[in-house]
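The following block contains the structure:
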């Protein structure tokens, strides 16, 4: 759960090699599906399946991968 509200949310365009420009507190998923990401300091990607429309994923993601991600309208809550 977020301890403080986001001050600088930004749209996320999944990409296989580009890091997020700022590490967010969480990700908001507008249109549900699968999200493939790697957390800060993580050694491997993690798959979040069946993410619902409007769901917040409480994770500090460093990458959101394009390959395998079917969710859309993702907003980083930084």
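In the numbering used here, the protein residues as written are 1218 to 1295. The beta carbon of each residue, even a glycine, is placed where N, CA and C say it ideally should be.
- From the listed residues 1251, 1293 and 1271, the smallest Cα separation to residue 1287 is found for 1251.
- Cβ-Cβ distances below 8 Å link residue 1248 to 1270, 1288, 1289 and 1290 in the same chain, with the five nearest sequence neighbours on each side left out; the list follows chain order.
- Looking from the CA of residue 1295, the closest CA among 1256, 1280 and 1244 belongs to 1244.
- When C-alpha distances from residue 1229 are compared across 1220, 1222 and 1239, the shortest belongs to 1239.
- One thing to note: residue 1262 has its Cβ within 9 Å of the Cβ of residue 1253.
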